[in-house]
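Visitor: Residue numbers (the numbering used here): 49 to 110.
Below you can see the structure in the form of structure tokens.
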């Protein structure tokens, strides 16, 4: 099952975080989101999950 299908079945989105990024990174994220047909927030969540799993985060632990 891909990330976006799992996201619909997983924990509810109950918290919000706001952060600043460099302009080049913001443009990159928006461009990738457009090419994938996704919202930039969905793409950021996927990328953040992937990066955190590399350093030990387990999304199924709770």
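Beta carbons are placed, not taken as given, at the ideal position from N, Cα and C, and that holds for glycine.
#1: Under a three-way DSSP split, which group does residue 88 fall into?
#2: Using the C-alpha atoms, what's the distance from residue 76 back to residue 51?
#3: Is residue 69 helix, strand or coil by DSSP?
#4: With DSSP run on the structure shown, which of helix, strand or coil describes residue 75?
#5: According to DSSP, simplified to helix, strand and coil, what is residue 62?
Guide: Quick look at the numbers:
#1: In the chain shown, residue 88 corresponds to position 40, counting from 1. In this structure, residue 88 counts as helix in the three-state DSSP scheme.
#2: Start at 1 with the first residue of the chain shown, and residue 51 comes out as number 3. Start at 1 with the first residue of the chain shown, and residue 76 comes out as number 28. Distance between the alpha carbons of residue 51 and residue 76: 20 Å.
#3: What you label residue 69 is simply residue 21 of the chain shown in a count that begins at 1. Residue 69 falls in the coil class under three-state DSSP.
#4: On the chain shown, position 27 is the one that residue 75 refers to. If DSSP states are grouped into helix, strand and coil, residue 75 belongs with the helices.
#5: As a working mapping, residue 62 is identified with position 14 in the chain shown. Coil, per DSSP.
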